[in-house]
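Numbering (the working numbering), first residue to last: 72 to 505.
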């Protein structure tokens with residue numbers, strides 16, 4: 072379904088750029104290096120190669136690049152998609168209003184839902200009809216994997232929003248870069264803490280698709296490494312978008328499990344946690360979810376989330392990178408608090424622009440080469456898009472949901488895993504660029 076607000080046009084006139092191009096030959100070159108006009112507080116770090124001028128040090132108007140943004144506005148992840156899109160829109164607005172870029176972004180939007188076929192059709196419209204040469208989005212890992220393949224076929228740069236390891240693992244390709252934190256990185260944060268502090272008898276309940284499988288495989292592997300006494304009690308699976316988890320909750324409650332790892336997110340996780348609290352499961356086992364700390368989850372589970380544990384990809388209180396200006400800008404623009412999906416949309420669009428700026432070209436092949444192995448300032452700090460798999464070296468955290476000032480649980484950070492320590496080598500996730 073087409074978004075009624077499909078195209079985010081440039082937010083400023085081209086007049087200034089024409090002036091810079093004309094004035095360059097008559098001594099006005101210094102204008103291109105002046106500070107921003109206040110619209111982009113997060114892209115002014117002189118140490119970040121993605122924020123400089125053109126590669127030869129002289130001003131150049133790289134023109135306008137069309138970026139396709141695909142998000143789940145309908146379907147099981149419809150509660151998450153708008154936030155991801157708003158983060159992307161904020162980045163486009165800041166980039167187009169900043170003197171630190173010699174280019175502008177023209178963003179066009181489509182809905183992915185949670186079906187890979189429909190998502191590919193949406194992406195095809197953006198690439199083949201709207202002329203998008205860059206693509207960002209998807210939350211379902213199955214959808215993201217299908218778009219990986221499409222990006223490789225059509226040779227455009229794609230920043231996915233899904234978290235399953237294969238996206239930058241066995242299904243990686245040279246056109247795909249990810250600033251979303253993957254399940255291996257979150258597993259590194261939650262696995263050792265769980266088996267060393269909550270209990271060694273662990274049940275896994277996962278949504279039956281790529282993300283759930285990735286959580287199960289990576290978390291189980293890391294728990295085995297962290298504690299020789301780790302025991303997998305059982306693993307159960309539910310269909311993505313399920314609403315009734317009573318039978319699974321009963322099975323877990325009747326078991327010897329100390330903790331249950333929930334490989335699910337969005338409405339699935341919300342429904343499970345609320346039903347588990349109503350059935351008294353929280354009093355019997357510890358609930359651990361890689362996405363338990365998400366604001367949308369805490370907002371919908373309220374007090375039911377208190378006492379649960381979760382991995383943290385992002386929280387508004389982080390003092391990392393340029394998170395402060397991101398939070399201020401987002402709250403000013405949308406009168407709401409950003410969370411992980413907003414952060415991913417924001418940083419993905421910024422890195423797309425930084426890749427072009429660093430390359431001095433809007434050609435996807437040039438931007439791809441500039442992004443590969445590059446280090447960029449993001450909301451999470453300085454991260455590298457690893458040369459071997461194009462995964463960002465994001466830090467991760469383990470947390471407990473505790474009582475907040477209102478009825479929504481607060482995230483209490485328990486332990487941090489640094490970015491370089493959170494990721495296995497690219498060879499261990501079966502990434503072969505070809």
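The beta-carbon is built from N, C-alpha and C at its ideal position, and this holds for glycine as well.
Beta carbon of residue i nearer than 8 Å to that of residue j
i, j, result
"residue 334", "residue 266", "no"
"residue 282", "residue 212", "yes"
"residue 247", "residue 254", "no"
"residue 196", "residue 181", "yes"
"residue 478", "residue 346", "no"
"residue 413", "residue 155", "yes"
"residue 387", "residue 418", "no"
"residue 290", "residue 384", "no"
"residue 342", "residue 314", "yes"
Collapsed DSSP secondary structure at residue i in the structure displayed
i, result
"residue 391", "coil"
"residue 206", "strand"
"residue 166", "helix"
"residue 94", "Caution applies to residue 94, whose pLDDT of 34 falls short of 50 and renders its modelled position unreliable; the value that the coordinates give is listed next. Residue 94: helix per DSSP, three-state reduction."
"residue 298", "coil"
"residue 484", "strand"
"residue 121", "In this predicted model, residue 121 has a pLDDT of only 38, less than 50, meaning its place in the structure is not dependable enough to derive any value."
"residue 470", "strand"
"residue 282", "helix"
"residue 342", "helix"
"residue 264", "helix"
"residue 456", "strand"
"residue 465", "coil"
"residue 221", "helix"
"residue 148", "coil"
"residue 242", "coil"
"residue 369", "helix"
"residue 507", "Residue coverage of the chain in this structure runs from 72 to 505, which leaves residue 507 outside it and unanswerable."
"residue 409", "coil"
"residue 384", "coil"
"residue 502", "coil"
"residue 304", "strand"
"residue 329", "coil"
"residue 235", "coil"
"residue 319", "helix"
"residue 362", "coil"
"residue 497", "helix"
"residue 334", "strand"
"residue 351", "coil"
"residue 230", "strand"
"residue 248", "coil"
Assumed close pair residue i, residue j - CB separation to whole angstroms, cut-off 8 Å
i, j, result
"residue 471", "residue 485", "6 Å"
"residue 293", "residue 258", "5 Å"
"residue 344", "residue 358", "7 Å"
"residue 198", "residue 225", "6 Å"
"residue 500", "residue 460", "6 Å"
"residue 209", "residue 189", "With a Cβ gap of about 11 Å, residue 209 and residue 189 do not count as contacting."
"residue 173", "residue 133", "5 Å"
"residue 297", "residue 262", "6 Å"
"residue 356", "residue 330", "6 Å"
Among the options, nearest to residue i - alpha-carbon criterion
i, options, result
"residue 423", "439, 413, 414", "439"
"residue 153", "240, 382, 478, 367", "367"
"residue 230", "498, 499, 363, 462", "462"
"residue 381", "369, 454, 363", "363"
"residue 420", "322, 185, 165", "165"
"residue 401", "162, 150, 146", "162"
"residue 232", "143, 370, 175, 392", "143"
"residue 288", "503, 256, 337", "256"
"residue 245", "236, 234, 237, 227", "227"
"residue 399", "150, 310, 360, 158", "158"
"residue 284", "310, 483, 454", "310"
"residue 481", "371, 299, 314", "371"
"residue 505", "167, 191, 209, 241", "241"
"residue 496", "452, 236, 467, 317", "236"
"residue 327", "444, 365, 270", "270"
"residue 447", "476, 391, 316, 301", "391"
"residue 340", "360, 444, 469, 141", "360"
"residue 151", "365, 464, 433, 502", "365"
"residue 498", "216, 160, 243", "243"
"residue 468", "279, 192, 264", "264"
"residue 466", "458, 494, 168, 325", "494"
"residue 475", "369, 302, 316, 179", "369"
"residue 171", "260, 431, 452", "431"
"residue 321", "396, 145, 348", "348"
When you compare the segment 133-152 with the segment 202-220, are there three or more beta-carbon pairs, one atom per stretch, that lie closer than 8 Å?
yes
Cβ contact check for the segment 406-413 and the segment 343-355: 3 or more pairs under 8 Å
no
Is the segment 482-490 in contact with the segment 273-289, if contact means three or more CB pairs nearer than 8 Å?
no
Quick check: the segment 216-223 against the segment 418-433, are there 3 or more CB pairs under 8 Å?
no
Cβ pair count under 8 Å reaching 3, the segment 440-454 against the segment 325-339:
no
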